[in-house]
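Notes to accompany the following structure.
In UniProt numbering, the protein residues as written are 1 to 547.
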């Protein structure tokens, strides 16, 4: 910025600009030039015109400083120029020239994008036009740019499609360089046409044939005698072969499989590599292992509960006495009463698994007992259904594509044909409060263990795969409903099963183990020396016949 104290200095320098042409005029008169009038208006106009054409170095430097100060000084510098516009010694032309430059600079700064687009040639690409018309970076991010960046971060862009397939035009794409063409070209001097051979005499033909054959003789080509010479010759031939392109189509082993997801900016590298290691080593997530543990423990508990209850109810009915038919009939009445009071529900077990692609799937196993399709009422069918479903991205289950049905047929005890009118059971469902009270501590402990496993499983499993907790009352009711139809067959099997034969029961008698090997008669005491009693006599007495 130019201070007001320096304006008198600038004014004196500007006055000197007017006096310089006068010195030039005097110098010109001394050089024997035509005389020029020294006074009047004509002299002044001539001096001003000549002075405007040639300015001194100091004047140009001061103009440059004034222009820079006005350009960088801001409003204060412009205000100083306006105030000094009427001051003595300050050129009005210089002030207007500086103000014009400032206005032009402000106009270029304000409309820089439009000016840059207008100056672009018509052949400029779209990228260059967008860059020229873009707003310059001011140091702060705009709201539109910030919103677009957050949207791109929250929603990953869809993968782009592959490159379009190339169209086979039938033309060869291989372009050989000039060096390869020269190396593979044959010398034209070695070529001879039939016309040239016809013009030769027999002697010339024989001489030409001998020259050609001499090139293929063993001693025609010189081979280096040293190892270094052989290495140089080999390197030269290898380079010639490379120049001809003979090493381009060599087999290079197996193709390297590149995983493009590993370098994707939208996937966490650590998570991706860990998942890849888990899939390669066939490792399942922890909640899948915990799910298998919960299912195995629950199946073990239910199997033991049903086995204990079946054995107890069979013994309770058998202990009442009566014939086998009456016991089986009573068991069937209990089963009929149980089917009315506590019908057996379809057993459904859901398991979750993860396939090789990392998708979560749900496997549903359901089973129930149905009567056979034949007219024989003793035929029963066990039907098991397997259904596998996968989840959508929004968490909903997809429709099942295929369902596997497994049916097994077994023979049940003959039952009387049911009457047309519904009948009522003659006995209530079988219950034993004493047995439930005796087994209550074990049942509570087992249910508590199952609930603890289920709780730890639900903490690590996703929401779609969580399991409900176990209830003792629900498990007992399911056990009573499942076991009741099997009691009659269990009683019949226990009564008709063959007994184990060929097993002798050895009773206990007083004495040690060695007493069993002793003889029934009185023992004989022998002298140490005579007769001698050794191992031979011991075996004789041991296996002697008992009388």
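Just so it is clear, CB atoms sit at the ideal spot from N, CA and C, and this is done for glycine as well.
Using alpha carbons as the reference points, say which of the options lies closest to residue i.
i	options	result
residue 460	486, 290, 320 and 475	290
residue 304	475, 161, 497 and 214	475
residue 565	258, 177, 313 and 319	Nothing about residue 565 can be read from this structure; the chain reaches only from 1 to 547.
residue 293	456, 487 and 540	456
residue 180	207, 246 and 206	246
residue 182	152, 450 and 241	241
residue 483	445, 444, 345 and 534	345
residue 288	466, 62 and 105	466
residue 260	269, 134 and 307	269
residue 101	157, 126, 120 and 64	64
residue 132	159, 138, 120 and 469	120
residue 424	535, 499, 341 and 438	341
residue 468	173, 295 and 250	295
residue 339	429, 234 and 535	429
residue 317	115, 297 and 489	489
residue 451	462, 138 and 471	471
residue 473	126, 251, 302 and 93	302
Quick one: is the Cβ of residue i within less than 7 angstroms of any heavy atom of the ligand FMN?
i	result
residue 176	Within the structure as shown, the ligand FMN is missing, as the structure has no ligands at all.
How long is the line joining the alpha carbons of residue i and residue j, rounded to whole angstroms?
i	j	result
residue 435	residue 282	46 angstroms
residue 324	residue 492	7 angstroms
residue 256	residue 164	23 angstroms
residue 537	residue 545	14 angstroms
residue 238	residue 154	56 angstroms
residue 322	residue 426	18 angstroms
residue 464	residue 458	10 angstroms
residue 552	residue 68	Past the edges of the chain, shown from 1 to 547, lies residue 552, and the structure says nothing about it.
residue 549	residue 337	Missing from the structure shown is residue 549; the chain here goes from 1 to 547 and no further.
residue 96	residue 108	18 angstroms
residue 279	residue 262	15 angstroms
residue 128	residue 156	28 angstroms
residue 210	residue 243	31 angstroms
residue 479	residue 454	20 angstroms
residue 148	residue 162	26 angstroms
residue 422	residue 286	53 angstroms
residue 61	residue 152	55 angstroms
residue 232	residue 207	34 angstroms
residue 178	residue 212	28 angstroms
residue 437	residue 277	52 angstroms
residue 204	residue 230	37 angstroms
residue 477	residue 159	54 angstroms
residue 308	residue 535	57 angstroms
residue 99	residue 135	27 angstroms
residue 542	residue 329	60 angstroms
residue 440	residue 447	10 angstroms
residue 167	residue 142	45 angstroms
residue 144	residue 137	14 angstroms
residue 41	residue 94	Note on residue 41: pLDDT 42, under 50, position unreliable in the model; the coordinate value appears next. Each residue's alpha carbon lies about 23 angstroms from the other.
residue 199	residue 214	23 angstroms
residue 118	residue 174	44 angstroms
residue 498	residue 442	34 angstroms
Given a threshold of 16 other Cβ atoms within 10 Å of its Cβ, counted over all protein chains shown, does residue i qualify as buried or as exposed?
i	result
residue 319	exposed
residue 310	buried
residue 103	exposed
residue 66	buried
residue 266	exposed
residue 105	exposed
residue 124	exposed
residue 485	buried
residue 140	exposed
residue 169	exposed
residue 300	exposed
residue 327	buried
residue 57	exposed
residue 539	exposed
residue 201	exposed
residue 122	exposed
residue 331	buried
residue 496	exposed
Could you check whether the Cβ of residue i sits closer than 8 angstroms to any Cβ belonging to chain C?
i	result
residue 424	This model lacks chain C altogether, as it is built from one protein chain only.
On the three-pair Cβ rule with 8 angstroms, is the segment 268 to 280 touching the segment 425 to 434?
-> no
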